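The listed protein sequences derive, respectively, from chains X and S.
So for the first sequence, this note's numbering puts the first residue at 1; every next one is plus one.
So for the second sequence, this note's numbering puts the first residue at 279; every next one is plus one.
All residues carry an ideal CB built from backbone N, CA and C; glycine is no exception.
Just so we're clear, the structure is a prediction, and the values are computed from it rather than from any experiment.
Have a look at the structure below before the remarks.
2 protein chains.
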Amino acid sequence: MKIELAKSYGFCYGVKRAIKIAEEHPNSATFGPLIHNKDEINRLKDEFNVGLVDELEDAMNYDTLVIRTHGITKDKLKTLKQNGKKIINATCPYVTTPQQIVEKMSKEGYTIVIFGDKNHPEIKGVASYSVDSERTYIVLSPEEVVGLALGSKVAIVAQTTRKPEEYKKIVAALAVRVAELRVFNTICNATFENQDATAELAKKSDVMIIIGGKNSSNTKQLQHISKSYCKDSYHIENEDELEKSWFEGKEKCGISAGASTPDWIIQKVINKIEELRK
Amino acid sequence: MKIELAKSYGFCYGVKRAIKIAEEHPNSATFGPLIHNKDEINRLKDEFNVGLVDELEDAMNYDTLVIRTHGITKDKLKTLKQNGKKIINATCPYVTTPQQIVEKMSKEGYTIVIFGDKNHPEIKGVASYSVDSERTYIVLSPEEVVGLALGSKVAIVAQTTRKPEEYKKIVAALAVRVAELRVFNTICNATFENQDATAELAKKSDVMIIIGGKNSSNTKQLQHISKSYCKDSYHIENEDELEKSWFEGKEKCGISAGASTPDWIIQKVINKIEELRK
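In structure tokens, the structure reads:
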């Protein structure tokens, strides 16, 4: 049986970069989990003594703090700096961009609209860069745009993981509401690259193994896509869940992984599959 | 029988303004017809000796030239000025705006997209203000946007008479194609105001008279809207077409007029209707 990895899978560019930055700063702590994967967080703790703090209070126990891919709010960053902390910024460049746009556009008098989830740390961070919080709106649907006091000039950015089709609907709803609308395409296509590559691989595979947290929405999405092309698709968290029977009589096994799945977990799964096939 | 005029009808703000400007400059000529209505053009000639030229060559016979609501191309304007002509600018302010936007945005390196008809004088004028004609595109549908070499920054304006719903579709098509899209809402709602007022009046009328050129597309649109609410709707060019039978047994007669219909023609129609009802 041939085993093939999807052309794009697992960590995106920003997460890979953040983990590398964390590894380069032992004895630091990340402000918020660097990734939604406990195994990887434990590995960083065990191998590099990189801790994890969720609150400013706990951050005070460390000299060096790593800002995760999502970024943090401007106020929290300021507090950390004022307390003499060394800041290692691992904010994903694709998140830094909307932060900078929101700051610049709000300074130029544009009302800010952010397409995203107001409870998501990335969006809390991006919104915090507006110099006028009263003229900063966070929306998830075109319906939410109705009735907003927008003024004549609006700038809009999107959460990096949002769907382009949904963004287009919100942009269309705003386009003829105001005299000028500045649309910044801040959507990152890493998620879609993993999805497209999974679909492509599933089409030519007998059996598909999708690796990622059972609660990971992007992994569940990959499994959903995979299953639509290859009925024998299995969503697992780690190699312990693999069953020998899945591979019996199969010629080609495709493998993909969610955005929070580290390479070393993927490698363990591959090793186990090869063992089961012996 | 009660006769009622629609709340909004006939000339838009820009045309009224242009005619007033022309009347204030006797012995001049308008560059291109001020309005698509021969009777009104003849009146300006008879009462104010305001002529009409279509070509630069003919313009040379006049000292003073009135630029009509549509505007003209930057090059033609320059030629007229270089030849010592006195320029009276009656370009509609709603058309001046996209001209200025296109000039400014193209100077700032934005690729220009214009939603409109490339053969329409307004659009020829607006497009002429781009400093980079190779990076200036005129489109009428979202499909035409596909495959354009857009670069990363795009600014878009619309012909003043376009439908907002159509503009939204083109904006949506561009929104996730480029890093930044600046959408300027340059659509004028005068056309829609006449349409809405005609619909409102038709709903409560027994008979509707829609006045305007038989080839005028906006008048035809008014007639179409009127007929959908009041089956006895008639599209006429002038009072000579009125028939006594249309008003027999009617209690309420509504009147509307296309954007090229002067008030004095409307008044003649009203006078004739009152005469027929005697």
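Item	Value
DSSP state of LYS86 (chain X) mapped onto helix, strand, coil	strand
Nearest candidate by alpha-carbon position, reference MET338 (chain S), set S:HIS348, S:SER384, S:ALA307	S:ALA307
Backbone CA spacing between LYS153 (chain X) and ILE21 (chain X) [nearest angstrom]	38 angstroms
Interfacial residues, the stretch 186-197 of chain X to chain S, with Cβ spacing under 7 angstroms	ILE187
GLU248 (chain X) beta carbon near the ligand COA (any heavy atom closer than 6 angstroms)	In the structure shown, the ligand COA is absent, as is every other ligand, since no ligand is present at all.
Nonlocal neighbours in the same chain, by C-beta distance under 7 angstroms from LYS118 (chain X), ignoring five residues either side	ILE138
Sufficient close CB pairs (3 or more, under 8 angstroms) joining the stretch 111-125 of chain X to the stretch 42-58 of chain X	no
Proximity winner among X:CYS253, X:GLU275, X:GLN100, relative to PHE184 (chain X) (alpha-carbon distances)	X:GLN100
The stretch 35-48 of chain X in contact with the stretch 81-92 of chain X per 3-pair CB rule at 8 angstroms	no
contact_flag[the stretch 5-24 of chain X, the stretch 281-296 of chain S] where n(CB pairs < 8 angstroms) is 3 or more	no
CA nearest to the CA of SER538 (chain S), picked from S:ILE488, S:ILE548, S:VAL409	S:ILE488
Other residues of its chain near LEU426 (chain S): CB distance less than 7 angstroms, five sequence neighbours each side excluded	TYR415
Sub-7 angstroms separation of ALA453 (chain S) and VAL113 (chain X) beta-carbons	no
Straight-line Cα distance separating TYR388 (chain S) from GLU422 (chain S)	19 angstroms
Amino acids of chain X, ordered along the chain, whose beta-carbon sits closer than 9 angstroms to that of PHE393 (chain S)	Simply none; closest approach about 11 angstroms.
Neighbour list for ARG440 (chain S) in chain X, Cβ cutoff strictly below 7 angstroms	Going along chain X, no residue has its Cβ under 7 angstroms from ARG440 (chain S), so there is no contact; the nearest lies around 10 angstroms.
7 angstroms Cβ cutoff, ALA284 (chain S) in contact with chain X	no
Runs of beta strand (DSSP E) lying entirely within the stretch 67-123 of chain X, each at least 3 residues, in chain order	86-89, 111-115
Touching by the beta-carbon criterion (3+ pairs, under 8 angstroms), the stretch 207-222 of chain X and the stretch 471-491 of chain S	no
Residue environment, ASN361 (chain S), which counts as buried when at least 16 other CB atoms sit within 10 Å	exposed
Contact with chain X by VAL409 (chain S), beta-carbon distance below 7 angstroms	no
Chain S contact residues for GLU144 (chain X), given Cβ-Cβ distances below 8 angstroms	Under the 8 angstroms cutoff, chain S gives no residues; its nearest Cβ is about 17 angstroms from GLU144 (chain X).
CB contact below 7 angstroms: VAL461 (chain S) versus chain X	yes
Own chain, CB closer than 7 angstroms to LYS227 (chain X), minus 5 neighbours either side, in chain order	SER233
Which of helix, strand or coil DSSP assigns to ALA451 (chain S)	helix
Interface residues of the stretch 134-159 of chain X facing chain S [CB-CB below 7 angstroms]	none
Residue from S:ALA296, S:THR357, S:GLU381 with nearest C-alpha to VAL344 (chain S)	S:ALA296
LYS168 (chain X) at chain S interface by Cβ criterion, 7 angstroms	yes
Per DSSP, the bridge partner or partners of PHE309 (chain S)	S:VAL331, S:ILE345
Whole-angstrom C-beta distance between GLY403 (chain S) and HIS348 (chain S), which should lie under 8 angstroms	6 angstroms
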